[in-house]
Each structure stands twice: as structure tokens, then as C-alpha cells.
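Chemist: Its first residue numbered 7, the sequence shown is counted upward by one per residue in the numbering used here. Heads up, the beta-carbon is just placed ideally off N, CA and C, and yes, glycines get one too.
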Amino acid sequence: MEYKLPPIGYKYNALEPFIDAETMKIHYTKHHQAYVDKLNKALQGYEKLQDKPIERILINLGRVPIKIRNAVKNNGGGHYNHSLFWPLLKKNVKIKEYLLNAIKKNFLSFENFKKEFTEKSLDFFGSGWVWLVLDDTKLKIVSTSNQDNPISEGKIPILALDLWEHAYYLKYQNRRAEYIENFFKVINWEQVNKNYLNGLIRL
Ligand code: MN
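1) Classify S151 as buried or exposed, calling it buried when 16 or more other Cβ atoms lie within 10 Å of its own Cβ.
2) Output the boundary residues of the beta strand (DSSP E) element that contains T35.
3) Please state if the CB of G15 and the CB of W92 are separated by a distance shorter than 9 angstroms.
4) Pair every Cβ in the stretch 179 to 193 with every Cβ in the stretch 112 to 130, then say whether three or more of these pairs are closer than 8 angstroms.
5) Would you check if the stretch 72 to 84 and the stretch 37 to 48 touch, i.e. whether three or more CB-CB distances between them fall below 8 angstroms?
6) Give the single residue among Y174, P13, N180 whose Cα lies nearest to the Cα of L90.
7) According to DSSP, D141 sits in a beta bridge with which residue or residues?
8) Judging by CA-CA distance, which residue of R62, L145, E53 is the nearest neighbour of V198?
9) Beta strand (DSSP E) containing I162: first to last residue?
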């Protein structure tokens with residue numbers, strides 16, 4: 007079976023003015039689609055792998071034949087990362103008490119969490135992602151290069167920020183700081199909470 011682009015679940019303009027419709031459209035229909043297409047191409051002739059959820063493949067990258075491992079890591083990662091990213095975006099969602107308490111427990115305060123996440127994102131060099139992850143029972147902020155995902159290192163992604171220029175350049179150009187600041191206005195905390203609870207169950 008071939009991998010497919012998952013539905014995005016909202017209109018391209020749903021995140022305006024923080025993330026513009028044109029960026030969303032290109033990001034989803036061109037960039038994410040390209041990862042899916044290249045993943046399918048890389049897996050041609052590997053039927054057993056084709057039938058696995060992409061998450062399982064990324065957890066066990068070492069079992070992917072060396073010949074296609076890099077292509078699967080990059081394009082499978084691109085597909086998985088963006089599939090996580092779209093549902094994490096929504097305007098006007100308030101964080102719930104349970105998750106807020108967990109964040110306070112791990113980062114002292116929500117403001118401190120935001121500061122750490124922002125600094126990690128600002129300091130990040132090149133293309134990649136910044137994540138809030140579950141590492142054992144602890145919440146941590148980590149970054150990955152390219153389309154790597156923390157799941158390949160045994161951590162469970164809870165929140166994701168795409169720091170590739172394709173994610174913001176049309177609207178923000180070199181103003182990455184402004185993009186990061188506005189990202190905090192479109193975090194779907196309901197989804198973060200869901201990821202957190204699912205992650206706790208899997209530990
Ligand atoms: Mn992207």
C-alpha cells in the first residue's frame with residue numbers, strides 16, 4: 007500500500023494572520039506531498055515495509071535496508087513530521103489545567119517553558135524542528151536536524167515547530183523570531199494534551 011497525504015482538517019486560511027494561506031497551501035500540497043511521493047518511490051519493491059505505519063519504520067530505522075535507509079529517514083521523516091504538525095495548529099485554543107501543571111512541573115512556569123522553547127528555536131541553525139517531547143516521564147525541549155524525529159531516539163513528540171524556511175519564508179522572510187512568537191498563537195493545546203496523554207500510556 008502506498009502512503010498518502012493525510013487530510014489537513016482545516017482551510018488554508020484558518021491560521022491567518024499568523025500563518026498565511028499561501029504558505030499553508032504550498033507547504034501541504036507541495037512540500038508534504040513531495041515527501042510522501044519520494045517515500046513511496048524509495049519503498050518500491052519493499053512490500054513488507056510499505057504496509058507498516060511510518061512511525062514504526064522510524065522507530066526501527068536500523069532495520070531498514072541500508073540502500074534505502076537515508077531516503078526513508080528523510081522522506082519518511084518528512085511525511086511523519088508534517089502529519090504530526092498540521093493537527094497541532096489551531097487558533098484560540100487555551101491550554102488545559104492538566105497539561106499546564108505538567109509543564110509547570112518540568113519547566114517551573116509556563117513563561118519559562120515558552121522562553122526555553124523560543125530560545126532553542128532561535129538558536130537552531132539550518133533546517134529542522136524543535137520539539138516538546140516525553141523522555142521517559144519527563145517533558146523536554148529538543149531539536150532535530152533535517153526531517154529527523156525524536157521518536158528514532160526513543161522520545162515521544164508532543165509538540166512540533168517546523169523551522170525549515172519553507173514553513174515561514176513567504177510571509178516572514180528572515181524574521182524567524184516573529185514566526186516563532188506567532189507560532190505560540192496557533193498552538194492547538196487540545197492536540198498537545200492528546201499527544202501527551204497518548205505518550206504517557208505508551209511509556
Ligand atoms: Mn515543513
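Modeler: Taking the structure as given:
1) Around the beta carbon of S151, fewer than 16 other beta carbons sit within 10 angstroms, so the residue counts as exposed.
2) From DSSP, T35 is part of no beta strand (DSSP E); its letter is neither H nor E.
3) yes
4) yes
5) yes
6) P13
7) K144
8) L145
9) From DSSP, the beta strand (DSSP E) with I162 extends over 162 to 168.
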